[in-house]
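Trainee:
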Amino acid sequence: MNARKLVSRNSPGYTRAMLQRRRPPTIADVAREAGVSLQTVSRVVNQHPSVAQATRTRVNQVIDHLGYQRNPAARALVTGRSQTIGVMVSSTTLSGPSGVLLAIEPHARAAHYWLSVAGLAHHDAELVGPILQHFRQQGVDGIIVVAQTQAVLDAVMAQGPNLPLVFVSSGQVGGQFSRIDIDQRAGARMVMTMLHGLGHDRIAHIRGPVGDLHADARALGWAESLLGKANQVPHGHPLLALGDWSAMSGYQATLALLSRPERPSAIFAANDRMAIGALRALHDRGLSVPADMSVIGFDDIEGVDCAIPPLTTIPQDQSALGAKAMDLLNAAMAGLAPVDAWLEPNLLVRASVGVAH
């Protein structure tokens, strides 16, 4: 019978022998193989600056060689942080909420955080409590809420999450939380100012769903500029039609507007999909854009620069929004005071607008 070779627990060979038995390597294995202390390995893993470069390089080489993986739970116990952020976002295919989520992720990763994402189907405020409880159980370091309805905002604030929190929303939030969004109302006023400057005085608006915060803000900007009503969108106005964000709803709303006694000279759709539907409806009725009617959208989604004609719109700088949301959450996690911030929109003029006739 062959005698099994014994390996001293204190030798580098011990680490290799244990690995041959398929035991996951530990931080102690890394320290033993690199010839440094556990504290030094911990400092390298946590990117602490007080480690000599040669030592840092040697430890990282051993980590790669052994295939060592940090234990997140153990790290959280030591540091008090999970390096995870909870993001609550509307479950939708629309470019707004999904675009914000995609914009937050790289900025979070650059700050060494990973995302735990929870969706709210149909803006269901009843799911807010279970989602926040899940985030607490995960031990997230902070939360970003991308909210499209006031009901979701109110539900989050009522729960009192007791964690650093930032809202990405155009709704009303309490003074104890930071909020960031692109100024949707200002974007609508920008559209109206340009159309007025081109001589348009019959500017129709295809608004988004009532209760959607972006739809409400854009409709308020339209009403404020056209009708002088600062905080009211008049229901039943002959230049107002209701859509649901889809291209088909924009198509149908445009046909309804064209059937009314006073035809508009321009259409401002609350998003680009509805504006695409408006372009199709005008084409089907034999009307030319912009010679017979101007059309403007909102969001600058993929492909609208290839519409016929290319669509004038208000771009949503999702990357800047994601970066600012992450900056505000970092500030909240550092204990700084809440901030209420708005990003200024800009108007991207293409060939779908012209002088009124």
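Terminal number for the sequence shown in my numbering: 361, no gaps in between. For every residue, glycine included, the Cβ atom is placed at its ideal position computed from N, Cα and C.
Using a Cβ distance threshold of 8 Å, determine whether the segment 32–45 contacts the segment 59–67, with at least three qualifying pairs required.
Mentor: Result yes; three or more Cβ-Cβ pairs closer than 8 Å.
Trainee: Using the three-state DSSP reduction, which class does threonine 88 fall into: helix, strand or coil?
Mentor: Looking up residue 88 in the sequence shown gives position 84. Here threonine 88 sits in strand by DSSP.
Trainee: Taking its Cβ as the centre, do 16 or more other Cβ atoms sit within 10 Å of glycine 191, making it buried, or is it exposed?
Mentor: By one-based count along the sequence shown, residue 191 stands at place 187. Flag for glycine 191 reads buried.
Trainee: Rounded to the nearest angstrom, how far is the Cβ of serine 356 from that of valine 299, given a contact under 8 Å?
Mentor: As a working mapping, residue 356 is identified with position 352 in the sequence shown. As a working mapping, residue 299 is identified with position 295 in the sequence shown. At roughly 5 Å, the Cβ-Cβ gap stays under 8 Å, so serine 356 and valine 299 are in contact.
Trainee: Flag this pair as yes or no: are the beta carbons of arginine 284 and glycine 247 separated by less than 9 Å?
Mentor: Along the sequence shown, read from residue 1 onward, the residue named residue 284 stands at position 280. Along the sequence shown, read from residue 1 onward, the residue named residue 247 stands at position 243. For arginine 284 and glycine 247, no; Cβs fall outside 9 Å.
Trainee: Going by Cα to Cα distance, which pick from Val177, Ile148, Asn350 is closest to asparagine 334?
Mentor: One-based indexing of the sequence shown puts residue 334 at position 330. The shortest Cα separation from asparagine 334 among Val177, Ile148, Asn350 belongs to Ile148.
Trainee: So which of Asp276, Ala274, Leu259, Arg206 has the shortest CA-CA distance to leucine 243?
Mentor: Along the sequence shown, read from residue 1 onward, the residue named residue 243 stands at position 239. Nearest of Asp276, Ala274, Leu259, Arg206 to leucine 243, Cα basis: Arg206.
Trainee: Going by the DSSP bridge assignment, what does proline 319 pair with across the sheet?
Mentor: The residue labelled residue 319 in the question sits at position 315 within the sequence shown. Paired residue(s): Asp303.
Trainee: Let me know if threonine 61 comes out buried or exposed under the rule of 16 or more other beta-carbons within 10 Å of its beta-carbon.
Mentor: On the sequence shown, residue 61 is found 57 positions in, with the first residue counted as 1. With fewer than 16 other Cβ atoms within 10 Å, it is exposed.
Trainee: On a Cα-Cα basis, can you pick out the residue from Ala219, Val177, Gly100 that is closest to valine 343?
Mentor: In the sequence shown, the residue the question calls residue 343 occupies position 339. Comparing Cα positions, the closest option is Val177.
Trainee: Distance check for proline 29 and leucine 351, CA to CA, integer angstroms please.
Mentor: Along the sequence shown, one-based indexing puts residue 351 at 347. Along the sequence shown, one-based indexing puts residue 29 at 25. Cα to Cα, leucine 351 sits roughly 56 Å from proline 29.
Trainee: According to the Cβ coordinates, are valine 150 and valine 93 closer than 9 Å?
Mentor: Your numbering for residue 150 matches position 146 in the sequence shown. Your numbering for residue 93 matches position 89 in the sequence shown. Yes, they are a contact pair.
Trainee: Could you pull the start and end residues of the alpha helix (DSSP H) that valine 195 belongs to?
Mentor: By 1-based counting over the sequence shown, the position of residue 195 is 191. Valine 195 -> alpha helix (DSSP H) spans 188–201.
Trainee: How would you write the range of the beta strand (DSSP E) that leucine 352 sits in, first residue to last?
Mentor: Position 348 of the sequence shown, counted from the first residue, corresponds to residue 352. That residue, leucine 352, is in no beta strand (DSSP E); it is neither H nor E in DSSP.
Trainee: Specify the secondary structure class of histidine 209 as computed by DSSP and reduced to three states.
Mentor: Counted from its first residue, the sequence shown places residue 209 at position 205. Three-state DSSP puts histidine 209 in a strand.
Trainee: Can you check whether the CB of alanine 329 is closer than 9 Å to the CB of histidine 116?
Mentor: Taking the sequence shown and counting its residues from 1, the one referred to as residue 116 is at position 112. Taking the sequence shown and counting its residues from 1, the one referred to as residue 329 is at position 325. Their beta carbons are not under 9 Å apart, which means histidine 116 does not touch alanine 329 by this criterion.
Trainee: When the Cα of threonine 88 is compared with those of Gly71, Arg74, Trp118, Val104, which residue comes out closest?
Mentor: In the sequence shown, residue 88 corresponds to position 84, counting from 1. Measuring from the Cα of threonine 88, the nearest candidate turns out to be Trp118.
Trainee: Report yes if the C-beta distance between glycine 175 and threonine 197 is below 9 Å; otherwise report no.
Mentor: Position 171 of the sequence shown, counted from the first residue, corresponds to residue 175. Position 193 of the sequence shown, counted from the first residue, corresponds to residue 197. No; because the gap between Cβ atoms is not below 9 Å, this pair is not in contact.
Trainee: Can you tell which of Ala324, Phe181, Thr59 has its C-alpha closest to the C-alpha of leucine 105?
Mentor: What you label residue 105 is simply residue 101 of the sequence shown in a count that begins at 1. Leucine 105 has its Cα closest to that of Ala324, out of Ala324, Phe181, Thr59.
Trainee: Quick check: serine 269 and histidine 204, are their CB atoms within less than 9 Å of each other?
Mentor: The residue given as residue 269 occupies position 265 in the sequence shown. The residue given as residue 204 occupies position 200 in the sequence shown. It is a contact, given that the beta carbons lie within the stated cut-off.
Trainee: Select from Asn275, Ser182, Gly339 the residue whose C-alpha is nearest the C-alpha of tryptophan 346.
Mentor: Sequence index remark: in the sequence shown, residue 346 carries index 342 (1-based). Nearest option by C-alpha distance: Ser182.
Trainee: Taking Cβ positions, are phenylalanine 171 and isoleucine 184 nearer each other than 9 Å?
Mentor: Your numbering for residue 171 matches position 167 in the sequence shown. Your numbering for residue 184 matches position 180 in the sequence shown. Yes. Within cutoff.
Trainee: Just checking my contact of isoleucine 312 with phenylalanine 302 at CB under 8 Å: how many whole Å lie between their CB atoms?
Mentor: The residue you call residue 312 lines up with position 308 of the sequence shown. The residue you call residue 302 lines up with position 298 of the sequence shown. Going by Cβ atoms, the distance from isoleucine 312 to phenylalanine 302 rounds to 19 Å, so no, they are not a contact pair.
Trainee: So isoleucine 280 is in the alpha helix (DSSP H); what residue range does that whole segment cover?
Mentor: As a working mapping, residue 280 is identified with position 276 in the sequence shown. Residues 276–288.
Trainee: Less than 6 Å between C-beta atoms, sequence neighbours within five positions excluded: which residues of the same chain meet that for glycine 71?
Mentor: If you number the sequence shown from 1, residue 71 lands on position 67. None.
Trainee: Beta carbon of serine 269: closer than 8 Å to some heavy atom of the ligand SAH?
Mentor: The model depicted lacks the ligand SAH and carries no ligand whatsoever.
Trainee: Run through the segment 131–184 for me and flag every whole alpha helix (DSSP H) of 4 or more residues, listed as ranges in chain order.
Mentor: Here the runs fully enclosed are 132–142, 154–163.
Trainee: Between which residues of its own chain and arginine 74 is the CB-CB distance below 7 Å, once the five residues before and five after are set aside?
Mentor: As a first step, residue 74 is located in the sequence shown; it is residue number 70 there, counting from the start. Hits under 7 Å: Val49.
Trainee: Less than 9 Å between the beta carbons of alanine 260 and alanine 282, yes or no?
Mentor: What you label residue 260 is simply residue 256 of the sequence shown in a count that begins at 1. What you label residue 282 is simply residue 278 of the sequence shown in a count that begins at 1. Cβ distance not < 9 Å, so alanine 260 and alanine 282 don't count as in contact.
Trainee: Looking at the unbroken alpha helix (DSSP H) that takes in tryptophan 346, where does it start and where does it end?
Mentor: In the sequence shown, counting from the first residue as 1, residue 346 sits at position 342. It is not in any alpha helix (DSSP H) - tryptophan 346 instead sits in the beta strand (DSSP E) that spans 344–347.
Trainee: With a Cβ-Cβ cutoff of 9 Å, do glycine 215 and arginine 189 count as a contact?
Mentor: For the purposes of this step, residue 215 is identified with residue 211 of the sequence shown, where counting begins at 1. For the purposes of this step, residue 189 is identified with residue 185 of the sequence shown, where counting begins at 1. Cβ atoms of glycine 215 and arginine 189: not closer than 9 Å.
Trainee: So, with DSSP's three-state summary, where would you put glycine 123?
Mentor: Within the sequence shown, residue 123 is the residue found at index 119, counting from 1. DSSP places glycine 123 in strand when its eight states are reduced to three.
Trainee: Please return the same chain residues whose Cβ sits closer than 7 Å to the Cβ of phenylalanine 139, not counting the five positions on each side in sequence.
Mentor: Taking the sequence shown and counting its residues from 1, one reaches residue 139 at position 135. Once the five neighbours on either side are set aside, the close Cβ partners of phenylalanine 139 are Gly90, Ser120, Ile147.
Trainee: Nearest to glycine 100 by CA position, among Arg193, Leu230, Gln320, is which residue?
Mentor: Taking the first residue of the sequence shown as 1, we reach residue 100 at position 96. Minimum Cα distance to glycine 100 is reached at Gln320.
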